[in-house]
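Right, one structure below, let's go through it.
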Amino acid sequence: MKLRFLHMVFALLPYLLISQVSVEEIGEMPPELAENSGLIFYNGKLISHNDSGNTPELYEIDTVSMQVNRIVTISNAVNIDWEDITQDENYIYIADIGNYFGTREDLSIYKISKQDFDSSGNVAAEKINFAYEDQNSFEDSGKSNWDAEALFVLNDQLVILTKQWLGSGTVAYSVTKEPGNHTAKRLDTYQVDGLVTGASFNPLSNELLILGHSSILVPFVNRVNGVTTSTIFGGTVENLPFDIGFAQTEGIAYISQNRFVISSEHFQRTIPAINLNPLLYSLQMENEVNSNEEMEPNLDIIEDSLLLYKKYGSNILEYELSTKKRVLAQAVFDTSGKMVHFKQGSEIEHTALDLISLKSGVYYLTFYLGDKIISKPFVSN
14 MKLRFLHMVF ALLPYLLISQ VSVEEIGEMP PELAENSGLI FYNGKLISHN
64 DSGNTPELYE IDTVSMQVNR IVTISNAVNI DWEDITQDEN YIYIADIGNY
114 FGTREDLSIY KISKQDFDSS GNVAAEKINF AYEDQNSFED SGKSNWDAEA
164 LFVLNDQLVI LTKQWLGSGT VAYSVTKEPG NHTAKRLDTY QVDGLVTGAS
214 FNPLSNELLI LGHSSILVPF VNRVNGVTTS TIFGGTVENL PFDIGFAQTE
264 GIAYISQNRF VISSEHFQRT IPAINLNPLL YSLQMENEVN SNEEMEPNLD
314 IIEDSLLLYK KYGSNILEYE LSTKKRVLAQ AVFDTSGKMV HFKQGSEIEH
364 TALDLISLKS GVYYLTFYLG DKIISKPFVS N
């Protein structure tokens with residue numbers, strides 16, 4: 014897909030923030046994840062799952078090969094309707110919150126230890142059961158306003174955003190992270206004018222991105238600033254340019270301060286004839302602040318994180334390196350250990366490598382960070 018550069022200018026409090034948003038198709042989701050419905054970025058890998066009626070499994074995706082590298086089964090879970098996934102420092106949370114007809118009285122969130130996830134392909138989860146504090150009727154009257162597909166962590170609480178089929182808005186509910194039976198507390202509402210299918214709160218920028226699409230599969234991304242634990246939509250809400258054509262967008266995850274990845278699932282209909290492949294996209298935001306007062310950033314950057322990705326059929330390998338350390342050098346090695354590329358840190362000008370001179374095979378992109386080395390494999394076709 015062609016790289017689309019989209020521009021917008023808007024006023025934000027006393028200073029002017031100029032945002033450039035670029036959207037790029039990374040590749041097709043693995044066939045195992047044709048019905049993917051959530052994303053997180055953890056340990057240099059994307060993690061996803063499928064939605065209703067599928068197996069209770071999490072899939073690790075290599076963003077270069079776009080293949081599944083690892084599958085982790087949640088041994089004591091059932092995938093009634095898994096719709097989103099999120100994380101904090103120590104746990105992964107899976108939202109079994111799909112509720113199209115509004116009849117479910119078994120809504121839950123599975124809580125998985127990252128330590129268990131890292132060490133085994135078969136893990137047990139704790140369970141957070143909940144009910145919405147203001148839902149009084151569970152009768153099946155067709156599509157409802159009690160469906161939900163978005164979950165994110167905000168400090169010590171989990172926040173659910175509903176998918177209102179009737180009202181085209183969303184309601185934010187707060188749920189504790191503690192296992193047991195709980196009540197989801199109503200926090201806030203917003204008339205999004207669409208169907209919310211995912212959300213990601215980025216602690217590096219303190220921004221919430223909300224993903225969704227219209228009833229005719231026109232995707233949208235909303236950026237929310239000023240989020241607090243008591244008021245989700247009390248600050249500014251703006252619609253970001255996100256022109257990817259028709260897509261059933263489902264998952265969104267932050268991978269750095271200004272970069273997110275977004276997934277869509279397979280959609281097919283006979284009349285009219287529609288066939289949309291499940292795809293993965295990159296959304297990059299680059300901000301330049303013009304102000305009379307110099308602003309001091311106060312952001313914690315993920316240390317020593319390296320993400321590689323490459324468009325299908327492309328000879329360009331792109332990467333995202335996040336580190337507080339000085340980059341001394343960059344190198345590429347083949348599987349025999351032979352160095353086939355080297356640059357001093359001062360010579361690195363771009364976050365991309367041209368692979369045209371490399372033979373087909375597996376290579377390792379390596380960065381020397383003074384007191385350590387970080388390296389990731391990639392495939393040259």
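Numbering (the working numbering), first residue to last: 14 to 394. Every residue gets a Cβ at the ideal spot worked out from N, C-alpha and C, and that includes glycine. All of these numbers come straight from a predicted model, not from anything done at the bench.
Does the Cβ-Cβ distance between residue i and residue j come in under 8 angstroms?
| i | j | result |
| --- | --- | --- |
| A365 | L330 | yes |
| A185 | L208 | no |
| Y377 | V345 | yes |
| L217 | S132 | no |
| L224 | I275 | yes |
| S50 | E263 | yes |
| I98 | I60 | yes |
| S65 | N92 | yes |
| F214 | F165 | yes |
| L341 | Y332 | no |
| Q128 | E299 | no |
| D367 | N328 | yes |
| F273 | L321 | no |
| K389 | G40 | no |
| L296 | F259 | no |
| L397 | T244 | For residue 397 there is no data in the structure shown, the boundaries of the chain being 14 and 394. |
With H, G and I counted as helix, E and B as strand and the rest as coil, what does DSSP make of residue i?
| i | result |
| --- | --- |
| D343 | The residue asked about is misnamed: residue 343 is Gln in this sequence, not Asp. Residue state, collapsed to three classes: strand. |
| L296 | strand |
| Q80 | strand |
| K356 | strand |
| F259 | coil |
| L46 | helix |
| A365 | strand |
| F246 | coil |
| P69 | coil |
| G51 | strand |
| E146 | coil |
| P291 | coil |
| K198 | strand |
| L29 | Note on L29: pLDDT 38, under 50, position unreliable in the model; no value is reported. |
| G57 | coil |
| E309 | Unreliable positioning characterises E309 in this predicted model, as indicated by a pLDDT of 39, which lies under 50. A coordinate reading is not provided. |
| I281 | The sequence given here places Gln at residue 281; Ile does not occur at that position. Strand, per DSSP. |
| Y377 | strand |
| G211 | strand |
| F273 | strand |
| I39 | strand |
| L253 | strand |
| I229 | coil |
| G348 | According to the sequence shown, residue 348 is Thr rather than Gly. It is coil, neither helix nor strand. |
| A266 | strand |
| K338 | coil |
Between which two residues does the alpha helix (DSSP H) holding residue i run?
| i | result |
| --- | --- |
| S132 | K127 to S132 |
Compute the beta-carbon to beta-carbon distance between residue i and residue j, rounded to the nearest angstrom, for a pair I have assumed lies under 8 angstroms.
| i | j | result |
| --- | --- | --- |
| I265 | G180 | About 22 angstroms separates the two Cβ atoms, so there is no contact after all. |
| A197 | Y145 | 5 angstroms |
| Y413 | L46 | Limits of the chain in this structure are 14 at one end and 394 at the other, which puts residue 413 out of reach. |
| D317 | I387 | 5 angstroms |
| D347 | G374 | 6 angstroms |
| Q148 | G182 | Their Cβ separation, rounded to whole angstroms, is 15 angstroms, which puts Q148 and G182 out of contact at 8 angstroms. |
| Q177 | H226 | About 14 angstroms; that fails the 8 angstroms criterion. |
| V234 | L221 | Not quite, the Cβ-Cβ distance comes to about 11 angstroms (not below 8 angstroms), so this is no contact. |
| N67 | E48 | 6 angstroms |
What are the start and end residues of the beta strand (DSSP E) that includes residue i?
| i | result |
| --- | --- |
| R117 | Counting along the chain, R117 falls outside any beta strand (DSSP E), and DSSP gives it neither H nor E. |
| Q100 | W95 to Q100 |
| L221 | E220 to H226 |
| E162 | D160 to L167 |
| T175 | Q170 to K176 |
| I329 | I329 to S335 |
| K389 | I386 to S393 |
| I107 | Y104 to D109 |
| L319 | S318 to Y322 |
| P232 | P232 to V237 |
| Y325 | It is not in any beta strand (DSSP E) - Y325 carries neither H nor E in the DSSP assignment. |
| S187 | T183 to T189 |
When every heavy atom of the ligand SAH is checked, does at least one fall within less than 7 angstroms of the C-beta of residue i?
| i | result |
| --- | --- |
| N252 | The model depicted lacks the ligand SAH and carries no ligand whatsoever. |
Three or more C-beta pairs below 8 angstroms linking the stretch 115-124 and the stretch 70-81
Two segments are said to touch when three or more pairs of C-beta atoms, one from each, lie closer than 8 angstroms; by this definition the stretch 115-124 does not touch the stretch 70-81.
If you pair each beta-carbon of the stretch 190-199 with each one of the stretch 126-141, do three or more pairs fall below 8 angstroms?
Segments in contact, yes.
Can you confirm whether the stretch 160-170 touches the stretch 94-113 when touching is taken to mean that 3 or more C-beta pairs between the two stretches lie within less than 8 angstroms?
A contact exists between the stretch 94-113 and the stretch 160-170.
Segment contact flag, the stretch 98-112 with the stretch 168-175, C-beta cutoff 8 angstroms, min 3 pairs:
Yes: the two stretches touch, three or more of their Cβ pairs being nearer than 8 angstroms.
Okay, do the stretch 86-95 and the stretch 279-294 touch, 3+ Cβ pairs below 8 angstroms being the bar?
At 8 angstroms Cβ cutoff, the stretches do not touch.
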